[in-house]
C-alpha cells in the first residue's frame, strides 16, 4: 500500500496520509485538514 504524509489535523494534530490515492481526512473550504475522527465528532455535536 502506497502511503504519503499530507499534514496534521488542525483540531487534534493526528497525522493525515494519502493512501493509494485516497485522503484519510477532509479538506475544508478554508483549506484546513481535518481527520475523519474529528469530522465525525463535529457532526455529532
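In full-length UniProt numbering, the protein residues as written are 1 to 45. Each residue gets a CB set at the ideal place from its N, CA and C atoms; glycine is no exception.
Extent of the continuous beta strand (DSSP E) to which residue 25 belongs: 25-27
Spatial distance of residue 28 from residue 34 (CA atoms): 7 Å
Identified DSSP bridge partners for residue 22: 19
Compare the Cα-Cα distances from residue 30 to each of 5, 4 and 10 and report the closest residue. 10
Local conformation of residue 2 per DSSP, three classes: coil
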